[in-house]
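Note sheet for the following structure.
In the numbering used here, the protein residues as written are 90 to 333.
As structure tokens, this is what we get:
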């Protein structure tokens with residue numbers, strides 16, 4: 090489903106990603122962990138070209154872009170259509186209701202019929218436990234509820250892959266569980282997911298594979314049971330020790 094080959098990303102002289110190669114099979118959940126500044130979020134944003142890689146290639150489904158050559162601007166939306174992105178800070182439109190937020194992408198980007206998009210948005214909001222909040226504006230919702238609207242909005246675009254960038258880090262602790270519950274349900278339904286998170290319990294329970302990144306490289310990747318119990322690399326051991 091996803092193939093990343095030798096992806097580099099530089100911001101002027103800052104070399105953030107240093108040759109990342111990674112493949113993810115359809116229906117798998119990959120969790121990326123690591124210290125702040127290790128390149129986790131940049132990698133996620135390179136996957137849908139919110140950040141354009143300096144070099145290397147990204148393939149999602151049957152859409153492949155080689156950033157070592159000149160990439161046509163019209164190609165980037167094709168890549169983005171394969172992914173749904175859930176951000177740390179919700180990014181909802183404050184002047185739109187939950188229903189309108191979820192409808193907006195299908196209507197404006199995919200040119201879906203409004204009534205069809207409305208019915209689909211209502212169904213997705215019900216799926217994430219917000220069937221009674223359709224007409225609420227973001228300011229009337231808790232952080233956890235806003236993040237679940239964000240998940241429904243991403244799902245409304247019928248993505249092949251869901252990308253989560255620390256989706257619970259801006260939430261009060263008591264609201265984290267309601268968002269993780271929705272993510273677990275998506276995983277059980279077979280959605281391909283890449284999740285950047287500090288929620289190690291989620292990684293242990295849901296991930297098929299955990300990747301530890303540091304200083305722009307993949308230091309170690311393994312199943313949760315192996316990586317958390319018996320990490321091979323000293324840097325991984327150091328990181329996990331600080332979490333205890």
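Think of the CB as a built atom: it goes at the ideal place given N, C-alpha and C, for glycine as much as any other residue.
- prompt: Exposed or buried, residue 129, counting other C-beta atoms within 10 Å across all chains shown (16 or more means buried)?
  reply: Label assigned to residue 129: buried.
query: What do you get for residue 103, buried or exposed, if any count of 16 or more other CB atoms within 10 angstroms of its CB means buried?
result: Result: exposed.
- prompt: Roughly how many angstroms lie between the CA atoms of residue 93 and residue 112, to the nearest whole one?
  reply: Rounded to the nearest angstrom, the two C-alpha atoms are 6 Å apart.
Identity of the residue in 268, 249, 317, 190 nearest residue 257 by Cα: Nearest option by C-alpha distance: 268.
task: Answer yes or no: do residue 305 and residue 105 have a C-beta to C-beta separation smaller than 8 Å?
output: Contact: yes.
field: N-terminal and C-terminal residue of the alpha helix (DSSP H) that residue 314 is part of
entry: Residues 313-318.
- request: Give me the Cβ distance between residue 271 and residue 240, rounded to the nearest whole Å; I'm assuming they're in contact under 8 Å.
  value: Yes, they are in contact, since the Cβ atoms of residue 271 and residue 240 sit about 6 Å apart, within 8 Å.
- prompt: Hey, how far is the Cα of residue 245 from the Cα of residue 193?
  reply: In this structure, the CA atom of residue 245 is about 9 Å from the CA atom of residue 193.
message: Which same chain residues end up closer than 6 Å to residue 142 when comparing Cβ atoms and leaving out the 5 residues on each side of it in sequence?
response: The residues are 96, 98, 135, 156.
Other residues of its chain near residue 201: CB distance less than 7 Å, five sequence neighbours each side excluded: So the list reads 195, once near-sequence residues are dropped.
- prompt: Cβ of residue 186 within 8 Å of Cβ of residue 224?
  reply: Yes, the Cβ-Cβ distance between residue 186 and residue 224 is below 8 Å.
- prompt: Among the residues of its own chain, which have a CB less than 8 Å from the CB of residue 235, if the five just before and after it don't count?
  reply: Closer than 8 Å at Cβ, skipping near neighbours: 179, 181, 227.
- prompt: With 8 Å set as the bound, which would you pick, yes or no: does the beta-carbon of residue 194 sit closer than that to a beta-carbon of chain D?
  reply: Reference to chain D is not applicable here, since this structure consists of a single protein chain.
- prompt: Helix, strand or coil: how does DSSP classify residue 291 here?
  reply: Of the three classes helix, strand and coil, the one that applies to residue 291 here is helix, per DSSP.
- request: Counting only the same chain and skipping the five closest in sequence on each side, list residues whose C-beta sits under 8 Å from that of residue 124.
  value: Excluding five sequence positions before and after residue 124, the CB atoms of its chain that fall closer than 8 Å to its own CB belong to 303, 328, given in chain order.
field: Residue environment, residue 222, which counts as buried when at least 16 other CB atoms sit within 10 Å
entry: With 16 or more other Cβ atoms within 10 Å, it is buried.
task: Could you tell me how far apart the beta carbons of residue 168 and residue 147 are, in whole angstroms, since I believe they sit closer than 8 Å?
output: Right, their Cβ atoms sit about 7 Å apart.
task: Name, in chain order, the residues that DSSP records as bridge partners for residue 184.
output: Residue 184 pairs with nothing; no bridge assigned.
- prompt: Which term fits residue 255, buried or exposed, when burial requires 16 or more other beta carbons within 10 angstroms of its beta carbon?
  reply: By the beta-carbon neighbour count (other beta carbons within 10 angstroms, threshold 16), residue 255 is buried.
Cut-off 7 Å between Cβ atoms - residues of its own chain near residue 248, not counting five sequence neighbours on either side: These residues qualify, in order along the chain: 171, 172, 173.
- prompt: Under 8 Å between the Cβ atoms of residue 295 and residue 118?
  reply: With respect to the 8 Å criterion, residue 295 and residue 118 are classified as neighbours on the basis of their beta carbons.
query: Does the beta-carbon of residue 197 have 16 or more other beta-carbons within 10 angstroms, so that it is buried, or is it exposed?
result: By the 10 Å Cβ count, residue 197 comes out exposed.
query: With which residues is residue 307 paired in a DSSP beta bridge?
result: Residue 307 is bridged by DSSP to 302.
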